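S.K.:
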Amino acid sequence: MRPFAQRVHDSSDGFCKRKIEVLQVNMGRYCNQACLHCHVEAGPGRKEIMGRDTVEAVLRFLEGSAIPTVDVTGGAPELNPNFEYLVKSCVRRKRHVIDRCNLTVLFEPGKEYLPEFFREHRVELICSLPCYLEANVDHQRGNGTFELSIRALQRLNRLGYGVPGTGLALHLVHNPVGAYLPPPQEQLEADYTQFLQEKYGIVLNHLYCLTNVPITRFEKFLKRRGEYDRYVDLLESTFNPVTLDNVMCRSLLSVDWEGSVYDCDFNQVLQMPLQDGEGRPLKIWELAAHAVEGRRILVGNHCYACTAGTGSSCGGALIA
Numbered sequence: 012m013r014p015f016a017q018r019v020h021d022s023s024d025g026f027c028k029r030k031i032e033v034l035q036v037n038m039g040r041y042c043n044q045a046c047l048h049c050h051v052e053a054g055p056g057r058k059e060i061m062g063r064d065t066v067e068a069v070l071r072f073l074e075g076s077a078i079p080t081v082d083v084t085g086g087a088p089e090l091n092p093n094f095e096y097l098v099k100s101c102v103r104r105k106r107h108v109i110d111r112c113n114l115t116v117l118f119e120p121g122k123e124y125l126p127e128f129f130r131e132h133r134v135e136l137i138c139s140l141p142c143y144l145e146a147n148v149d150h151q152r153g154n155g156t157f158e159l160s161i162r163a164l165q166r167l168n169r170l171g172y173g174v175p176g177t178g179l180a181l182h183l184v185h186n187p188v189g190a191y192l193p194p195p196q197e198q199l200e201a202d203y204t205q206f207l208q209e210k211y212g213i214v215l216n217h218l219y220c221l222t223n224v225p226i227t228r229f230e231k232f233l234k235r236r237g238e239y240d241r242y243v244d245l246l247e248s249t250f251n252p253v254t255l256d257n258v259m260c261r262s263l264l265s266v267d268w269e270g271s272v273y274d275c276d277f278n279q280v281l282q283m284p285l286q287d288g289e290g291r292p293l294k295i296w297e298l299a300a301h302a303v304e305g306r307r308i309l310v311g312n313h314c315y316a317c318t319a320g321t322g323s324s325c326g327g328a329l330i331a
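For the sequence shown, position 314 matches number 325 in my numbering, and the numbering has no gaps at all.
1) Does DSSP put K234 in a helix, a strand or coil?
2) Would you give the residue range spanned by the alpha helix (DSSP H) that V102 belongs to?
3) By the DSSP assignment, the alpha helix (DSSP H) with S265 in it spans what residues?
4) Is the separation between the beta-carbon of H48 and that of N223 shorter than 7 angstroms?
5) Can you tell me whether G270 is buried or exposed, with buried defined as 16 or more other CB within 10 angstroms of its CB?
6) Could you check the C-alpha separation between T204 and N216 for me, to the nearest Å?
7) Given this structure, state the Cα-to-Cα distance separating E197 from R291, to the nearest angstrom.
8) So which of P55, G75, G305, K105 has the shortest CA-CA distance to N91?
9) Which runs of the alpha helix (DSSP H) fall wholly inside the stretch 218-306 and span at least 4 residues, in chain order?
10) By alpha-carbon positions, which one of Y239, L264, N168, E158 ends up nearest to Y191?
11) Quick check on K294: buried or exposed, where buried means 16 or more other Cβ atoms within 10 Å of its Cβ?
12) Counting C-beta neighbours from all protein chains within 10 Å, is the total for A302 16 or more, i.e. buried, or is it exposed?
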């Protein structure tokens, strides 16, 4: 395999950070699910949870910046006891909040109020539904998750999410269930929209197609099936230099549950933090947003996943 760093050198001028538009906050790896494709290997047994001190440090960093959007993820971030505090605090600071929700968390004990909480604070929802077919979803995320996901979406629709004119954004995320790239996003969005509307009466704003990164849990899944090498070759062979201008790491900063900062959530999992001049990992309380601009982005061969085909980011495909 040709190293991704060499591809970047050949195809891009510098590949550095730009102005930070999104602060992505990973509140920990505790989750009520353990999905096959989950790159953070989240699950019910994980103990990593962002504490209040780190949340306060994130808010201080945010106050010293003009970053307009806070993207909250996990694990299931809603299971962190500081989730509501973080959301409310960001909204008070007039920041737009995105929550990456697995949908089934809305049925966890004590979390039944979340849909109304989301609506009250105008939280944009990006929700996992890797397929619109029940068998595929349950295979990837666990038995019964499809039914709960449909019920959650119907409840969100009743509150106005996904409904034109409400301003309450509801997006779904598709992840392939095997060793292949996602199909064209626009066509799959049309398929999702038609099927979910006709069968379940569900409406949504957009579908985001994400390419699975062959690390951690998904890497193990591929190797058990003897598909890892073929998938890695596929990602490399479909590298598209046009995507480099729009990849999320250009304008996103990721912070983990302990306060370390990264170029993206994948680098976070692979322990590739931003470092100071002495090679020590930088913490969110040691950093100012403007100091990140112009820094060279740390890359590895896992970056082929974000730059294959039409590209992949937290907002789906990068090019049409």
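Where is the CB? At the ideal position from N, CA and C, for every residue including glycine. Remember, predicted model here, so these are calculated numbers, not experimental data.
M.R.: With the given structure in hand:
1) helix
2) 94-103
3) Taken as a continuous stretch (DSSP letters only), S265 belongs to no alpha helix (DSSP H), being part of the beta strand (DSSP E) at 263-266.
4) yes
5) buried
6) 9 angstroms
7) 43 angstroms
8) P55
9) 227-235, 239-248, 276-280
10) Y239
11) buried
12) exposed
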